[in-house]
Each structure stands twice: as C-alpha cells, then as structure tokens.
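Notes follow once the structure below has been shown.
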Amino acid sequence: MRWWSVANFVSNAGTWMQLTVQNLLVLQITGSAAATGLSMSVQAAPALLMSVLGGAAVDRWPRKLTAAVSQAALAVIAFTTATLVALDRLDMTTLIVLAAVTGTVATVDNPACALLGNDLVPAEDVPSAIGVGALVFNAGRLAGAALAGVTVGFLGTAAAYFANGFSFLFVTAVIPFLRPAAGAVRQVAGRAARRPASDMSVREGLAFFARRPRLLALAGVTGISAVFGRNYGLTLAVLVTGPLAGGAGAFGTVSTVLAAGGIVGAVLGARLRRPSVRLVGALAATGALLQIVAGLSPSLAVLLVLVLPMAVVESVSDTAGTAVLQTDPPAHLRGRVLGVWGSVGTVWSLGGPPALGLLMELAGPRGALITGGVVIAASIASGHLLHRRATLATSVTLPSKDTVPQPILQTAA
C-alpha cells in the first residue's frame with residue numbers, strides 16, 4: 009500500500025502538471041476560451057457514455073493487468089502529445105482526438121486503480137485506504153500545479169507532457185510488485201470465474217444500482233451538493249473579486265486554504281471505520297450551512313475563517329461517500345457500480361457549473377451561495393424525514409409469545 013500510494017502521488021502530480029498547462033496550450037493554439045472549454049468537455053464526454061462499459065471490463069479482466077495496461081496506454085498518449093508539441097505539429101483537431109482517447113482509457117483506468125488499491129489492505133481497512141488515496145490526490149494536485157509553472161518556465165510546455173508520461177510508466181512498473189491482502193484477489197477472481205458471462209453484463213450493474221436504496225440516496229446527496237455547492241473555484245472566485253473587492257492574489261490565498269482543508273479532511277477521513285450514507289448526508293448539510301454563512305461574509309478575513317472547515321467537511325464527506333460506494337456492492341459488481349457512478353458523476357460535473365453560473369447571474373455570488381446552501385440543507389432534511397416516515401410505516405410489530413397459536417409451537421418444538 010505504501011508503494012501504491014507513492015506511485016499514485018507521482019501519477020497525480022504528473023496529471024495535474026499536464027492539466028495545468030493544457031488549457032494554456034489550447035489558448036496558445038486557438039486563442040479561444042470556448043475552445044478550451046470544448047477540449048475539457050471532449051475529455052469528459054467518454055465517461056458519460058462509456059463508464060458503465062469500462063466498469064464491466066474491470067469486473068471481467070484481471071485487475072492488476074487491467075490497471076497496468078491502462079496506465080501504459082495513458083503514458084503513450086502523453087508521450088505522443090509531448091512529441092507533437094515539441095515538434096510544433098499539434099493542431100486543435102489532433103488535440104481533441106487525443107483528449108477523447110484519454111477520456112476513453114480513463115473509463116477503464118479509474119475503477120481499475122481504485123479497486124486495486126482496496127485489494128492491498130484487509131477489508132476493515134478499506135475506508136482508511138480510501139482516505140489515504142484522497143490525501144495522496146490532494147497532495148499530488150498541489151505538487152503538480154506548483155511543478156507545472158517551474159517546468160514550463162525552464163523547459164517548455166512539452167516537458168510537462170513528458171513528465172506525465174513518465175509518471176504513468178512509474179505506476180505501470182510498480183503494479184506487478186504489489187502484493188494484495190490475503191484472499192482479496194482470489195476471492196474476486198473466484199466469484200467472477202464461477203459466474204456465467206450472461207451474469208457479468210452491464211445490465212446487472214445498472215439493475216443493482218437502481219434497486220439499492222443506499223446508493224440512490226448517496227447519488228441524491230452527492231448530486232444536489234455537486235450542483236448547488238462544492239464548485240468553490242467558481243463561486244468564491246466571483247465573491248472574492250466582486251463584493252469583497254479582492255484581487256487574484258486574494259483568491260489565490262482562498263484556493264490555498266481550500267487545498268489545505270482538503271488535505272486535513274483526507275487525514276480525518278482516513279480514520280473512518282464505518283462510513284455511511286447518513287454520515288455523508290450530515291456532512292453535506294453541515295457544509296451547506298457553512299456555505300450560507302460564507303455567502304454572508306462581510307470581509308475576506310471572515311471568509312478565510314470559514315473556507316477551511318468548508319473544505320474539511322467536503323473532503324471527509326467525499327471520503328465517506330467513496331468508501332460506501334466501493335464497499336457496498338458485492339465484489340463481482342464493484343467495477344460496474346463504479347462505472348454507473350462515473351456516468352452519473354459526469355452529468356453533475358458537466359451540468360453543475362453552467363447551472364451555478366446562471367444562478368450567479370440571477371442572484372449574484374452571495375445569493376448563489378446562500379440559495380445553494382438552503383437548497384442542499386432543505387433537500388437532505390426532507391430526504392431524512394421521508395426515509396424516517398417510510399421506515400416507521402413499514403415496521404411490523406411481532407406477535408408476543410403468549411399469542412402464538414399452539415400448532416406453531418408444536419411444530420417448532
């Protein structure tokens with residue numbers, strides 16, 4: 009698990025280096041902000057359409073081999089892009105194609121790597137392993153964003169793509185040496201081998217997700233939070249540079265505090281032993297209340313005090329939700345459930361920012377934060393009350409011992 013965490017840190021740092029310079033590269037090629045958004049959408053689009061198929065592939069194929077091949081494929085794409093940039097042969101059409109291929113490979117790579125990490129620890133430590141993964145992700149994001157500026161400044165844009173390619177190769181080299189926890193892979197492989205191909209279908213994963221109230225509730229909480237909250241890079245940017253009269257430097261400070269809070273939250277999330285949908289909902293409601301107060305902030309100093317707990321709560325909530333998602337389904341269905349989640353999550357990530365932007369146009373940044381927080385908190389409270397009422401309505405009072413008919417007692421005896 010330590011080797012896997014180091015490999016993921018290197019890979020995340022390389023990925024964030026590439027993501028940091030990719031938008032600048034598109035602007036350099038086209039001079040169009042719309043083209044930048046198009047490249048991001050094209051890379052995300054395969055997750056919307058193909059994540060379920062990618063999850064099914066992860067359930068069918070050996071996990072270590074799947075992760076190694078997908079990481080190697082991503083390395084090839086990064087090296088190809090780097091070479092074209094270095095030779096000044098990269099045009100917008102080629103970049104769009106490479107982005108689409110990257111997104112397609114990621115539909116297999118993401119669930120394969122997530123589930124492979126879980127196999128490296130005992131079942132009771134999976135929530136902690138997910139928390140460690142969140143910590144590594146946030147640390148890699150900070151390191152990658154910082155390294156991108158240095159790398160591009162001294163070595164050029166192509167160097168960031170080359171570095172990302174080598175980071176994928178590092179992960180590929182580490183995977184064959186990983187030793188899963190006793191019985192983890194054998195159990196998964198054995199169950200998959202005993203099941204006929206017809207039972208390993210995409211439809212089975214979709215049906216399980218649709219019939220599982222816990223996963224539907226988790227999807228509802230996460231979706232409402234993703235649309236009306238969490239997009240702090242958008243809402244807080246407008247709040248800081250608008251009503252609070254701060255500049256780019258002030259928003260940079262807010263972003264740093266958000267990142268630090270994400271790391272603290274990941275550390276706390278790694279200590280979770282029994283995450284639940286109820287915990288995710290409670291944390292999301294708490295974050296919504298903090299968001300409402302942040303919308304009322306009279307100054308940047310007050311906002312900075314609120315931003316840290318907002319980021320901590322969001323990070324712990326994400327860790328708890330991911331742990332529920334990856335441990336609730338049976339082992340042979342986890343890849344497909346993650347695939348369904350990838351498709352659903354892509355809808356939120358693509359639709360959330362435009363909806364939030366429209367809300368800010370109508371209500372301003374303060375109004376968007378306050379309205380969004382109210383919607384999130386009210387939705388979660390309503391869902392909790394409905395669930396509680398349904399539970400009470402379906403509860404059955406068992407007959408007392410004295411009222412059991414004598415024939416039943418004789419049969420039991």
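For the record, in the sequence shown the residue sitting at position 141 is 149 according to my numbering, with numbers rising by one throughout.
Ideal placement from N, C-alpha and C gives every residue a C-beta, glycine not left out.
For clarity, every value in this text was computed on a predicted model and none was experimentally measured.
Distance CB(residue i)-CB(residue j) smaller than 9 Å
i: G125; j: G347; result: no
i: W24; j: A153; result: yes
i: L358; j: S19; result: no
i: V324; j: G277; result: yes
i: G381; j: G257; result: no
i: L177; j: A83; result: yes
i: P283; j: G329; result: yes
i: A75; j: V179; result: yes
i: G269; j: A319; result: yes
i: I138; j: A331; result: yes
i: S59; j: I104; result: no
Between the CA atoms of residue j and residue i - distance to the nearest angstrom
i: L428; j: A167; result: Since the first and last residues shown for the chain are 9 and 421, residue 428 lies out of range.
i: N16; j: R397; result: 44 Å
i: I271; j: P135; result: 16 Å
i: M100; j: L73; result: 33 Å
i: A81; j: A245; result: 36 Å
i: V144; j: S13; result: 7 Å
i: T399; j: L393; result: 10 Å
i: L61; j: G255; result: 45 Å
i: A296; j: I388; result: 10 Å
i: A53; j: P306; result: 39 Å
i: F170; j: E369; result: 40 Å
i: T28; j: A86; result: 14 Å
i: L32; j: V235; result: 26 Å
i: V383; j: A376; result: 10 Å
i: R279; j: V313; result: 24 Å
i: I300; j: I378; result: 4 Å
i: L287; j: V210; result: 29 Å
i: L106; j: L266; result: 31 Å
i: Q36; j: F162; result: 18 Å
i: L92; j: V321; result: 42 Å
i: P184; j: D117; result: 16 Å
i: R220; j: A21; result: 36 Å
i: G250; j: H340; result: 50 Å
i: A401; j: A227; result: 24 Å
The alpha helix (DSSP H) enclosing residue i, as first and last residue numbers
i: N118; result: 100–126
i: V158; result: 134–163
i: A81; result: 71–94
i: V246; result: 240–249
i: F216; result: 210–219
DSSP three-state assignment for residue i, whether helix, strand or coil
i: L280; result: coil
i: V425; result: Outside the shown range of the chain, which is 9 to 421, sits residue 425, and nothing can be said about it.
i: G254; result: coil
i: L304; result: coil
i: V382; result: helix
i: P188; result: coil
i: P5; result: The chain is shown only over 9 to 421; residue 5 falls outside these bounds and no answer can be derived.
i: G359; result: helix
i: P130; result: coil
i: D67; result: helix
Burial state of residue i (16 or more Cβ within 10 Å)
i: F217; result: buried
i: W11; result: exposed
i: R438; result: Given a span of 9 to 421 for the chain in the structure shown, any question on residue 438 remains unanswerable.
i: G343; result: buried
i: G173; result: buried
i: L224; result: exposed
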